[in-house]
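Peer 1: Quick note, the sequences are listed as chains B and F, same order.
Going by full-length UniProt numbering, the first residue of the first sequence is number 1, and it counts up by one from there.
Going by full-length UniProt numbering, the first residue of the second sequence is number 1, and it counts up by one from there.
Glycine included, every Cβ here is placed at the ideal spot set by N, Cα and C.
Below you'll find the structure I mean.
Number of protein chains: 2
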Amino acid sequence: MNRNRMRLICSRCSQSLPFRYQNMKCTCGGTLLVDYDVEQIASMLTKEALVQRYPSMWRYYELLPVSKPDCIVSLGEGWTPLLRMYESEKKLPIRQLWVKREEQNPTGSFKSRGFSAAVSLLKEAGVTKAAVPSNGNAAGALAAYAARAGIAAYAFIPRDCPPLIVQECTDYGAHTFLVDGLIHDAGAIIDAGKDEQGWVNVGTLREPGRVEGKKTMGLELAEQLGWKLPDVIIYPTGGGSGIIGMWKAFRELQALGWIDGPLPRFVCVQEEGCQPVVDGLAARAQVSAVSAEGACKPNPTGMRVPNPPDLELVLSTVEQSGGTAIALPAEQIASAAASLGALGISASPEGAATWAGLLAGCDSGWLRPTDSVVLFNTSHALKYATLAGLTQPRTIRSYADFRSL
Amino acid sequence: MNRNRMRLICSRCSQSLPFRYQNMKCTCGGTLLVDYDVEQIASMLTKEALVQRYPSMWRYYELLPVSKPDCIVSLGEGWTPLLRMYESEKKLPIRQLWVKREEQNPTGSFKSRGFSAAVSLLKEAGVTKAAVPSNGNAAGALAAYAARAGIAAYAFIPRDCPPLIVQECTDYGAHTFLVDGLIHDAGAIIDAGKDEQGWVNVGTLREPGRVEGKKTMGLELAEQLGWKLPDVIIYPTGGGSGIIGMWKAFRELQALGWIDGPLPRFVCVQEEGCQPVVDGLAARAQVSAVSAEGACKPNPTGMRVPNPPDLELVLSTVEQSGGTAIALPAEQIASAAASLGALGISASPEGAATWAGLLAGCDSGWLRPTDSVVLFNTSHALKYATLAGLTQPRTIRSYADFRSL
């Protein structure tokens, strides 16, 4: 397709620039986002034509920033199942409930989407070396997609992150380093080495691909629900690019005329002790911040991002949506993981947090009996396993042994 | 749909029986398979209508044995990506290469398919308790689908199987037991307890669902390749129900008139030391068996099935297809896993064995330069991780640390 009219637009100052592969920080400090010529797209693409396309996130090619189809780096990402939870609907005071099973992506997490797009752009730009600061799943996704593309990957991961996710990076051949610090410390190392190492930083909101790839979660949700969006999306929030991306998806679908009616209210879930979105919304609403920071040490999950790259943009998006944010204690998240397991779903801590948020929203009355709700299970439970935490079932030799237990 | 004309047919003596939920062993010792009224299906379903359906294995509902749609137990299984391996095609003396990414199923393995069908049939039959002997992935799949259906699951797993796969069973709430023995010892325990415990044995070829669910791999392959099958399928073989199921799929598609031309040749890959398919084919061809049994101890993977429930059926299917079988040393399988990792694919030992089989088939000349080949990556690498085997990347505090490494 003709990409001449794809541009960049600043989400803060609205400055518009021609599209090129670049750092997405505007001179004003805002984040640049990709701006499509929706009129042109509407003239080329219909909902009906989409049905005929292969079920992957690349079915939305016209709404993705890659210009050369042969630069697309795909491992089979997107079009993850949207699972209706009939039994839970009967028990909870909401109308409809789904789980979006993002753990069924090729790298076992939703990060596959962003990196399929981001690595495709790297390939298109001729980049040979990329680095990412990550709590794990983004690093694994960069590692896999870079391997597919023949690009050297450098992963910098806080040292307490799940060992299996670290293992995944080395399995895919990434140069993998543990960092004595948090994700922003890992990012500082990459920035410090940028000139000398010549790597491109593909961290959150640093380049055009990841938000656009994440956006496909929102596009899919609309298509899978027959172009009728849910009332509420509960989403585990770290850097917030999923929120930014999905909101962008909904606005683009409105502009295309493919959806109407109100857009979903976002509920950002975080773990107590690392809750910048919760605190930020409270501050903007001039209510006292409820931060439990210092009181407890948040677990090393994708939600542990104390300094999101563009918190303002996340906050304003959640506000625009009529949404909210909630911080949950670690025990509630663990208990939610067990609940989802008992329903047959392998839930990461992040995915489990959305279930905990659902229960909290029902309890508080924020969720209404008329609401349809989608939870995002962003990653697979097994990626977070540690041998220390494994159960040890009984060993038997015979049925007599079984009976004697 | 009207299921009155669905029957059971013995794959050995051709006896035909009305369909009912039952043990699939015929009085002659052969295996009963589900026999559809293909004429009736052909009058109701077209390839063109399929395109409009949701991408899951249940798009082939008419070719699956569940009669009541509201008994379908689904977690989002099937329609896994079929990944073209362009770079590898350039390097290997074959025409085309794909990897079918079965690890992207809801339970991280191809076993999701068989258990979605099997547990649906349990639900339809009103069964409340099911047991399975398994090297791990089947147990995890039973656990998940039974949880979804509210059925009690009992998993019996050889004690040396991967701890994370065992963990998965307990995460899904299955009653999980380690067995001091191999998979057939686990099966013997279930059979011994059958009357007293009242559980249904959903082991390989014991009930109608699992072969039919696995069959959808073959249906999908045909549809994803535009109703043109590959020349060769390389498949990791344990009990062999995948081979039986896919062959059944191809014959049904022929009967529907949806495909023509030769069917794929199957290559069964096994690990040296547990190679009943390799030895069985050699014995039938009256060449000296090449068994390395006793010489090495096979690893606890899904390929370790010393006594397949119906070896004759597997052997005759492979022969009919013009296929072969190969046993590979553990080191070649490990090396193949690293090769697939370096291509961005998280390969289980079973999936890696197909890559090792591919290389062996190229070396021996059994694979031809004109062949198109599909490998099945049946499960996700991380499920087999052990903490003992984890790499330990270097820990750094700063970019100066990085430079000093």
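So what's serine 16 of chain B in DSSP terms, helix, strand or just coil?
Peer 2: Residue numbering aside, residue 16 of chain B sits at position 16 when the first sequence is read from its first letter. The answer is strand: DSSP assigns serine 16 of chain B an E or B state.
Peer 1: What does threonine 391 of chain F reach in chain B if we use C-beta pairs closer than 7 Å?
Peer 2: Working through the second sequence from its first residue, we reach residue 391 of chain F at position 391. The contacting residues are Gln167 and Thr170.
Peer 1: Using 8 Å as the threshold, is the C-beta distance between lysine 371 of chain F and arginine 95 of chain F below it?
Peer 2: Here residue 371 of chain F corresponds to residue number 371 of the second sequence, with the count starting at 1. Here residue 95 of chain F corresponds to residue number 95 of the second sequence, with the count starting at 1. The question names lysine, but residue 371 of chain F in the sequence shown is aspartate. Yes, the pair counts as a contact, with Cβ atoms nearer than the cut-off.
Peer 1: If we call anything under 8 Å between Cβ atoms a contact, is leucine 219 of chain F one with tyrosine 60 of chain F?
Peer 2: Indexing the second sequence from 1 puts residue 219 of chain F at position 219. Indexing the second sequence from 1 puts residue 60 of chain F at position 60. In this structure, tyrosine 60 of chain F lies closer than 8 Å to leucine 219 of chain F by Cβ.
Peer 1: Assuming leucine 32 of chain F and cysteine 13 of chain F are in contact, meaning their beta carbons sit under 8 Å apart, how far apart are those beta carbons, in whole angstroms?
Peer 2: Within the second sequence, numbered from 1, the residue matching residue 32 of chain F stands at position 32. Within the second sequence, numbered from 1, the residue matching residue 13 of chain F stands at position 13. Not really, about 10 Å apart at Cβ, beyond 8 Å.
Peer 1: For my contact list, valine 200 of chain B and lysine 111 of chain B are in at a C-beta cut-off of 8 Å; report their separation, rounded to the angstrom.
Peer 2: For this step, residue 200 of chain B is matched to residue 200 along the first sequence. For this step, residue 111 of chain B is matched to residue 111 along the first sequence. Between lysine 111 of chain B and valine 200 of chain B the Cβ distance is about 17 Å, and since that is not below 8 Å, they are no contact.
Peer 1: Label residue 407 of chain B either buried or exposed according to how many other C-beta atoms from any shown protein chain fall within 10 Å of its C-beta, with 16 as the threshold for buried.
Peer 2: The structure shown does not extend to residue 407 of chain B, since chain B is modelled only from 1 to 405, so the question has no answer here.
Peer 1: Check for me: the alpha helix (DSSP H) holding arginine 397 of chain F runs from which residue to which?
Peer 2: Translated into positions along the second sequence, residue 397 of chain F becomes position 397. Note, arginine 397 of chain F: premise wrong, no alpha helix (DSSP H); not H, not E.
Peer 1: With distances taken Cα to Cα, identify the nearest neighbour of leucine 205 of chain B among B:His184, B:Gly239 and B:Leu225.
Peer 2: Numbered from 1 along the first sequence, position 205 holds the residue referred to as residue 205 of chain B. When each option's Cα is compared against that of leucine 205 of chain B, the closest is B:Gly239.
Peer 1: What do you get for valine 51 of chain F, buried or exposed, if any count of 16 or more other CB atoms within 10 angstroms of its CB means buried?
Peer 2: As a working mapping, residue 51 of chain F is identified with position 51 in the second sequence. Answer is exposed; the Cβ neighbour count stays below 16.
Peer 1: Who are the neighbours of glycine 344 of chain B on chain F, taking C-beta pairs under 7 Å?
Peer 2: Mapped onto the first sequence, residue 344 of chain B falls at position 344. Residues of chain F with a Cβ closer than 7 Å to the Cβ of glycine 344 of chain B are, in chain order, Leu75, Ala144, Tyr145, Ala147, Arg148 and Tyr172.
Peer 1: Determine, using beta carbons only, whether tryptophan 58 of chain F comes closer than 8 Å to chain B.
Peer 2: Taking the second sequence and counting its residues from 1, one reaches residue 58 of chain F at position 58. No, tryptophan 58 of chain F lies away from the interface with chain B (no Cβ there is under 8 Å from its Cβ).
Peer 1: Could you name the residues of the segment 102 to 120 of chain F whose beta carbon sits closer than 9 Å to any beta carbon of chain B, in the order they occur along the chain?
Peer 2: Of all residues in the segment 102 to 120 of chain F, Glu103, Gln104, Asn105, Pro106, Thr107 and Gly108 have a Cβ within less than 9 Å of some Cβ in chain B.
Peer 1: Tell me which same chain residues have a C-beta within less than 6 Å of the C-beta of proline 55 of chain F, skipping the five on either side of it?
Peer 2: For the purposes of this step, residue 55 of chain F is identified with residue 55 of the second sequence, where counting begins at 1. If we look at proline 55 of chain F and ignore the five residues flanking it on each side, its Cβ neighbours are Trp79.
Peer 1: For a cutoff of 8 Å on Cβ pairs, would you count alanine 385 of chain B as touching chain F?
Peer 2: The count along the first sequence starts at 1 and reaches residue 385 of chain B at position 385. Output row for alanine 385 of chain B: interface = yes.
Peer 1: Is valine 269 of chain F closer than 8 Å to threonine 354 of chain F when the C-beta atoms are compared?
Peer 2: By one-based count along the second sequence, residue 354 of chain F stands at place 354. By one-based count along the second sequence, residue 269 of chain F stands at place 269. Closer than 8 Å, so yes.
Peer 1: Shorter than 8 Å from the beta carbon of aspartate 180 of chain B to some beta carbon of chain F?
Peer 2: Here residue 180 of chain B refers to the residue found at position 180 when the first sequence is read from its first residue. Chain F, which has a Cβ nearer than 8 Å to the Cβ of aspartate 180 of chain B, makes this yes.
Peer 1: Using only CA atoms, which one of F:Leu142, F:Ala146 and F:Thr176 lies nearest to isoleucine 157 of chain F?
Peer 2: As a working mapping, residue 157 of chain F is identified with position 157 in the second sequence. For the residues F:Leu142, F:Ala146 and F:Thr176, the minimum Cα distance to isoleucine 157 of chain F belongs to F:Thr176.
Peer 1: With three or more C-beta pairs closer than 8 Å as the rule, is the segment 302 to 309 of chain B touching the segment 244 to 255 of chain B?
Peer 2: no
Peer 1: Measuring CA to CA, which of F:Met24, F:Leu178, F:Ala188 and F:Glu212 is closest to residue 453 of chain B?
Peer 2: Since the first and last residues shown for chain B are 1 and 405, residue 453 of chain B lies out of range.
Peer 1: Given that phenylalanine 177 of chain F touches chain B, what residues does it touch there, using C-beta distances under 9 Å?
Peer 2: As a first step, residue 177 of chain F must be located in the second sequence, where it is residue number 177. Under a criterion of Cβ atoms nearer than 9 Å, the residues of chain B adjacent to phenylalanine 177 of chain F are, in order, Pro393, Arg394, Thr395, Ile396, Asp401, Phe402 and Leu405.
Peer 1: Name the chain F residues whose beta carbon is nearer than 7 Å to that of valine 51 of chain B?
Peer 2: Your numbering for residue 51 of chain B matches position 51 in the first sequence. Gln52, listed in chain order.
Peer 1: How big is the Cα-Cα spacing for glycine 389 of chain B and asparagine 105 of chain F?
Peer 2: Taking the first residue of the first sequence as position 1, residue 389 of chain B is located at position 389. Taking the first residue of the second sequence as position 1, residue 105 of chain F is located at position 105. Glycine 389 of chain B and asparagine 105 of chain F: Cα-Cα distance of roughly 25 Å.
Peer 1: Identify, in the order they occur along the chain, each residue of the same chain with its Cβ nearer than 7 Å to the Cβ of arginine 394 of chain F, setting aside the five sequence neighbours on each side.
Peer 2: Numbered from 1 along the second sequence, position 394 holds the residue referred to as residue 394 of chain F. Closer than 7 Å at the Cβ level, and outside the excluded window around arginine 394 of chain F, lie Leu405.
Peer 1: Going by the DSSP bridge assignment, what does tyrosine 154 of chain B pair with across the sheet?
Peer 2: Position 154 of the first sequence holds residue 154 of chain B. According to DSSP, tyrosine 154 of chain B bridges with B:Ala131 and B:His175.
Peer 1: By DSSP's criteria, glutamate 271 of chain B is part of a beta bridge. Which residues make up the other side?
Peer 2: The count along the first sequence starts at 1 and reaches residue 271 of chain B at position 271. Answer is B:Cys274 and B:Leu328.
Peer 1: Could you check the C-alpha separation between valine 314 of chain B and phenylalanine 402 of chain F for me, to the nearest Å?
Peer 2: Walking along the first sequence from the start, residue 314 of chain B turns up at place 314. Walking along the second sequence from the start, residue 402 of chain F turns up at place 402. The straight-line gap from Cα to Cα measures roughly 32 Å.
Peer 1: Mind listing the chain B neighbours of alanine 192 of chain F? Cutoff is C-beta to C-beta under 7 Å, in chain order.
Peer 2: In the second sequence, the residue the question calls residue 192 of chain F occupies position 192. Within chain B, the residues near alanine 192 of chain F are Tyr399.
Peer 1: Note down the Cα distance separating leucine 343 of chain B from alanine 147 of chain F, rounded to an integer number of angstroms.
Peer 2: What you label residue 343 of chain B is simply residue 343 of the first sequence in a count that begins at 1. What you label residue 147 of chain F is simply residue 147 of the second sequence in a count that begins at 1. The straight-line gap from Cα to Cα measures roughly 5 Å.
Peer 1: Between valine 99 of chain B and glutamate 350 of chain F, what straight-line distance do the alpha-carbon atoms span, to the nearest angstrom?
Peer 2: Along the first sequence, one-based indexing puts residue 99 of chain B at 99. Along the second sequence, one-based indexing puts residue 350 of chain F at 350. A direct Cα-Cα distance of roughly 30 Å separates valine 99 of chain B from glutamate 350 of chain F.
Peer 1: Serine 159 of chain F versus chain B: which residues are under 7 Å apart at the beta carbon?
Peer 2: Position 159 of the second sequence holds residue 159 of chain F. It should be pointed out that residue 159 of chain F corresponds to arginine in this sequence rather than to serine. Taking the beta carbon of arginine 159 of chain F as reference, the chain B residues within 7 Å of it are Thr395, listed in sequence order.
Peer 1: Less than 6 Å between C-beta atoms, sequence neighbours within five positions excluded: which residues of the same chain meet that for aspartate 35 of chain B?
Peer 2: In the first sequence, residue 35 of chain B corresponds to position 35, counting from 1. Cβ neighbours of aspartate 35 of chain B beyond the five flanking positions: Arg7 and Ile9.
Peer 1: As an exercise, report each continuous beta strand (DSSP E) stretch of at least 3 residues that is fully enclosed by the segment 198 to 270 of chain F, in chain order.
Peer 2: 232 to 236
Peer 1: For asparagine 137 of chain B, does the count of other Cβ atoms within 10 angstroms reach 16, so buried, or fall short, so exposed?
Peer 2: Translated into the one-based positions of the first sequence, residue 137 of chain B becomes position 137. Per the 10 Å Cβ criterion, buried.
Peer 1: What's the C-alpha gap between glycine 152 of chain B and lysine 68 of chain F?
Peer 2: Position 152 of the first sequence, counted from the start, is the residue given in the question as residue 152 of chain B. Position 68 of the second sequence, counted from the start, is the residue given in the question as residue 68 of chain F. The residue asked about is misnamed: residue 152 of chain B is alanine in this sequence, not glycine. Alanine 152 of chain B and lysine 68 of chain F: Cα-Cα distance of roughly 51 Å.
Peer 1: With a threshold of 8 Å, are at least 3 pairs of Cβ atoms found where one atom belongs to the segment 79 to 94 of chain B and the other to the segment 361 to 369 of chain B?
Peer 2: The segment 79 to 94 of chain B vs the segment 361 to 369 of chain B: in contact.
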